[in-house]
Amino acid sequence: MENNYIVTVTEIIPRTHNVKTFRVTKPEGFEFTPGQAVDLSLNEEGWKDNKHPFTFTCLPDDDFLEFTIKLYDNPEGLTNKLKTISPGAEFEISSAWGAIEYKGEGVFIAGGAGVTPFIAIFRHLKQQHELGNNLLIFSNKTEADIILKDEFSGMLDGRFMNVITSQPGTKYYDKRIDKSFLRNTIQNFNQHFYVCGPDEFTKNILDALAALGANAETLVFEK
1 MENNYIVTVT EIIPRTHNVK TFRVTKPEGF EFTPGQAVDL SLNEEGWKDN
51 KHPFTFTCLP DDDFLEFTIK LYDNPEGLTN KLKTISPGAE FEISSAWGAI
101 EYKGEGVFIA GGAGVTPFIA IFRHLKQQHE LGNNLLIFSN KTEADIILKD
151 EFSGMLDGRF MNVITSQPGT KYYDKRIDKS FLRNTIQNFN QHFYVCGPDE
201 FTKNILDALA ALGANAETLV FEK
């Protein structure tokens, strides 16, 4: 059965020029699996029905819940409103849901804020000393958009690859992730692939992986 919970914002942490982490109180007995999300709204008049999905970026055994959210410049949008809130504000959240769950070592491919389901997964793997040979390929428009760049670099060492699509002179790979890139970057297509990003990004990546021989049963994404 779906439950709704009122939680209080306790801390707001800037991550990039347009991404913030919101830490909130954790309801007693609340459970989730790394990679899952909730439907979230601001518990404030005029905003209670403006619900959007956001992914946990904390660990299941933390004594708080945490969401790392990209804030867009849309006057009517929830994330634009979240730019203005302070600790003490309240969210309404649903029970945890979502199809992105760790199933074994593989390649994680994220576009922009689509990296958020992977944050809790990688933090959990680090906690369990099971990071193994997992690879993260992270596509952003500019280097300033890279969320948790230092943390990912520290966790994954040489298994963190940045792709920058709209910044001339970047030191990173400067084209979009496509079939050719994947063919040249990945040797083994018989492993798990975790894909999250804007709808078109996800569709293009999944199509390219399928064309390169990836098994549909090994593709993990939000359906």
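One point on numbering: in full-length UniProt numbering, the residue at position 142 of the sequence shown is 142, and numbering is uninterrupted. Virtual Cβ for every residue (Gly too), placed ideally from N, Cα, C. Please read these numbers as outputs of a predicted model, since none were measured by experiment.
query, result
"Beta-carbon separation (whole angstroms), residue 25 vs residue 64, contact threshold 8 angstroms", "7 angstroms"
"Residue from 16, 132 and 33 with nearest C-alpha to residue 96", "33"
"Under 8 angstroms between C-beta atoms of residue 198 and residue 112", "yes"
"Contact between the segment 128 to 148 and the segment 101 to 120 (3+ Cβ pairs under 8 angstroms)", "yes"
"Residue span of the alpha helix (DSSP H) that contains residue 199, given as start and end", "199 to 211"
"Closest by C-alpha distance to residue 121, when choosing among 102, 134 and 106", "102"
"Residue ranges of each alpha helix (DSSP H) within the segment 53 to 138, 4 or longer", "78 to 82 and 116 to 127"
"For residue 185, three-class secondary structure by DSSP", "helix"
"First and last residue of the uninterrupted beta strand (DSSP E) at residue 39", "37 to 42"
"Residue 171 (DSSP reduced to helix, strand or coil)", "coil"
"Buried versus exposed, by CB contacts within 10 Å (16 or more), residue 212", "exposed"
"Cβ-Cβ distance between residue 6 and residue 43 below 8 angstroms", "yes"
"Bounding residues of the alpha helix (DSSP H) (the contiguous stretch that carries residue 20)", "From DSSP, residue 20 is part of no alpha helix (DSSP H) but of the beta strand (DSSP E) over 19 to 25."
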